[in-house]
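Position in the sequence shown (from 1) plus 506 gives the number in our numbering. Yeah, the Cβ is synthetic: ideal placement off N, Cα and C, and Gly gets one too.
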Amino acid sequence: MTHRDILNQIRLAFPQPVSDTIHDSYFVHSIMRALDQVDALKTHLPFLGSIIHGDFEAAKLTQLPDTMSSVETVTKELVGYLEGMTIFGHPRTQQNVVAPTTIPSLIGVLLASLHNPNLAWDEFSRLVALAEVEVTAMTSQLIGYDPQKSSGVFTFGGTGTTLYGVKIGLEKACPDTITDGTPENALVFVSDTGHYCAANITGWLGIGTKNLITIPSITENEIDLEVLETELRKALTDGKKIACIITTLGTTDAFGLDNLLKITAMRNSLVEEYQLDYHPHIHADAVIGWAWSVFNDYDFEKNPLEFRPRTVRALAGACRRIQHLHLADSVGIDFHKTGFAPYISSIVLVRDKADLDLLKRSPEQMPYLYHFGQYRPGMYTLETSRAGTGPLAALANLRLFGVEGLRAILGHIVEMTQLLREHLDGREGTTVLNRGNFGTVTLFRVYPVGVDTFEIQQQEFEDVTYKDSLIANNAYNQDIFQYVNSEAMEGRGVFISTTDCYRHTSYGEPIVALKSYILSPFVDEEDVKTVVEKVLEAREAIGESAAN
Ligand SMILES: *Cc1c(COP(=O)(O)O)cnc(C)c1O
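Below, the structure written as structure tokens:
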């Protein structure tokens, strides 16, 4: 074959640049065939096809093929890579904070990939850039920022949103780090239930993980305000700079919510007292919790959506803290978590758009870009190319759901979570650990038959003489987890997960917990009942041996 023959084949593998109805339908049909093949992998089980463990050694030997393939062959091969994937929307999947994705958000990703807008500059993204601004406006308003003053950019995940917060804060506390480098006296604060990305960020920014001060949390999994204040004072007395206080609104494992109202007040009074020439930046890592903002102005008394009383209480309990999000200087939001969009769809909002100017490069550093146009986020974003997929997926879901839809879907999964807790509380062998947290994640622990669950929890958590019991029951809960998930694998029951360290005991041992994370709108009461039944069945099946 000459290169011309091959080129003809190649051209068929691209959407046609000029309308060609026959080829256009071939394109649509190719996508449909791919989706059909994926659907054919669905069974009653909560994963696609069967779970095959990948041969990573063999994968290292993969070679680039010598010759061309076809759209059909490659499609079939690609579909094969989905074999064994968890169906996150399945009612029997309650594993982690991974969202099932809506059809409009998938179409958003497809469209943004199809014509490949680059959000660095509106010259390269036209109206897709507008989607970013619209999402910024909608979410600003939702959390209580003034959309005229705020700004926002999509970035590479929740980690990226916190990175922006810390970098802006660093620049406020220690001006010109972008040119001069990071000084050694900059500190960042986060609670011990905050996300580990804080360690990545301080490491990668050159602040150093040793300058990340981890503040303990109280039993509600929120930052201990007294210790925070002591540590902030100590830092200021020692002549250190506070680059950022990372607050977490919705911790990953337990949905703990830091008290932004008190933390911002604390910051403000320290600024006065120590006569600081900067305001220590407060970032809210609300990548999970942001969505609860839709309930800020819900009429909990009238309860027009008719949630159960326990649900109303849980929603109101979350809003007590979420309603203060607007007090933070920057906020991270993941649409790929509680916004039901595909990865990656994360936005960082800043209350004051001038904050983003702190990150700006000078035009001389980018001579070939940004000469004209109205929208040039590429002048301050960390990324150069930025995909349109995140903004279009987020916009799709915000438009699809509206306030009403978000309330209904969140309310439902909170309702299912509350039902699960009710069922767990109703049994003597199980105990809910994060009772004071109102999200859709439930941490619970199971105890062997014959153990007094009313006392054991407190004893194990606070009394070092119960250390052996704690360790034995940690292992016991891991066994329960194995049992429940191997049953789920066979189509009997629900996939749940565990955490190796829900918290530490007062004497420093990690506490293992079972975890149910409900994010699927398809979960119903029978699915949460099944979780409890399976856990109790596991307790019967393995209780005796592990207890001793
Ligand atoms: C998931 C998570 C992150 C990290 O977000 P990615 O989108 O995975 O980068 C940060 N903080 C919290 C609280 C999270 O739950």
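Per DSSP, cross-strand counterpart(s) of residue i
| i | result |
| --- | --- |
| I788 | I751 |
| G838 | D791, V854 |
| F950 | V938, L1020 |
| S723 | I729 |
| V659 | V854 |
| H1010 | P1016 |
| T1005 | A1019 |
| T592 | F553 |
| L763 | L755 |
| L693 | I748 |
| T599 | F1001 |
Three-state secondary structure (DSSP) of residue i
| i | result |
| --- | --- |
| N624 | strand |
| T736 | helix |
| V641 | helix |
| A1053 | Per-residue confidence for A1053 stands at a pLDDT of 46, beneath the threshold of 50, marking its modelled position as unreliable; the derived number appears in the next sentence. DSSP places A1053 in helix when its eight states are reduced to three. |
| S868 | coil |
| A847 | coil |
| F533 | helix |
| L518 | helix |
| L811 | coil |
| A546 | coil |
| A893 | strand |
| G714 | coil |
| T685 | helix |
| V668 | Checking the sequence, you will find Thr at residue 668 rather than Val. DSSP places T668 in helix when its eight states are reduced to three. |
| C491 | Since the first residue of the chain shown is 507 and the last is 1054, residue 491 is not available in this structure. |
| T770 | helix |
| G932 | coil |
| D803 | coil |
| G560 | coil |
| H701 | coil |
| Q984 | helix |
| D1055 | The requested residue 1055 does not occur in the structure, where the chain is confined to residues 507 to 1054. |
| K859 | coil |
| Q569 | coil |
| V580 | helix |
| M885 | helix |
| M1062 | Nothing in the structure corresponds to residue 1062, since the chain is present only between 507 and 1054. |
| S907 | According to the sequence provided, residue 907 is Phe. The question's Ser does not apply to it. Residue state, collapsed to three classes: helix. |
| G879 | coil |
Residue j beta carbon less than 9 Å from that of residue i
| i | j | result |
| --- | --- | --- |
| D759 | S697 | no |
| D835 | T667 | no |
| Q522 | K582 | no |
| K973 | D861 | no |
| F761 | I788 | no |
| L821 | V920 | yes |
| Q600 | V909 | no |
| A902 | G663 | no |
| L782 | L833 | no |
| L865 | L888 | yes |
| L904 | V534 | no |
| A900 | N624 | no |
| I828 | L755 | yes |
| G671 | G712 | no |
| I962 | V1041 | no |
| N691 | G745 | yes |
| I729 | G700 | yes |
Test: residue i CB closer than 9 Å to a CB of chain C
| i | result |
| --- | --- |
| D985 | This model lacks chain C altogether, as it is built from one protein chain only. |
Notebook entry, point to check: For the 8 Å Cβ check, are there 3 or more pairs between the region 929-941 and the region 951-965?
Noted result: With the cut-off at 8 Å, the region 929-941 and the region 951-965 touch.
Next item on the list: Check whether the region 650-663 touches the region 847-861, taking contact to mean three or more Cβ pairs, one atom from each stretch, closer than 8 Å.
Entry: Enough Cβ pairs lie closer than 8 Å, so yes.
Check: Does the region 596-608 come within contact of the region 833-853, defined as at least 3 CB pairs closer than 8 Å?
Finding: Counting C-beta pairs closer than 8 Å gives three or more between the region 596-608 and the region 833-853, which meets the contact rule.
Notebook entry, point to check: Any contact of the region 977-992 with the region 548-566, i.e. 3+ C-beta pairs under 8 Å?
Noted result: Segment contact: the region 977-992 against the region 548-566, fewer than three CB-CB distances shorter than 8 Å; contact not assigned.
Next item on the list: Spell out a yes or no on whether the region 734-751 and the region 709-725 are touching, meaning 3 or more CB-CB pairs, one atom from each, closer than 8 Å.
Entry: These segments touch.
Note to self: Does the region 1021-1035 come into contact with the region 1000-1011, if we say contact requires no fewer than three beta-carbon pairs (one atom in each stretch) closer than 8 Å?
What the structure shows: Segments in contact, yes.
Next item on the list: Give a yes or no on contact between the region 649-656 and the region 628-636, applying the rule of three or more CB pairs nearer than 8 Å.
Entry: With the cut-off at 8 Å, the region 649-656 and the region 628-636 do not touch.
Margin query: Whether or not the region 747-759 and the region 685-704 are in contact is what I'm after, with contact meaning three or more pairs of Cβ atoms, one per stretch, closer than 8 Å; do they touch?
Written below: Counting Cβ pairs under 8 Å, three or more are found: they touch.
Checklist line | Segment contact flag, the region 617-628 with the region 870-885, C-beta cutoff 8 Å, min 3 pairs | finding: Under the three-pair Cβ rule at 8 Å, the region 617-628 counts as touching the region 870-885.
Margin query: Is it the case that the region 765-774 contacts the region 795-809, given that we only count it when at least three CB pairs across the two stretches are under 8 Å?
Written below: No: the two stretches stay apart, fewer than three of their Cβ pairs being nearer than 8 Å.
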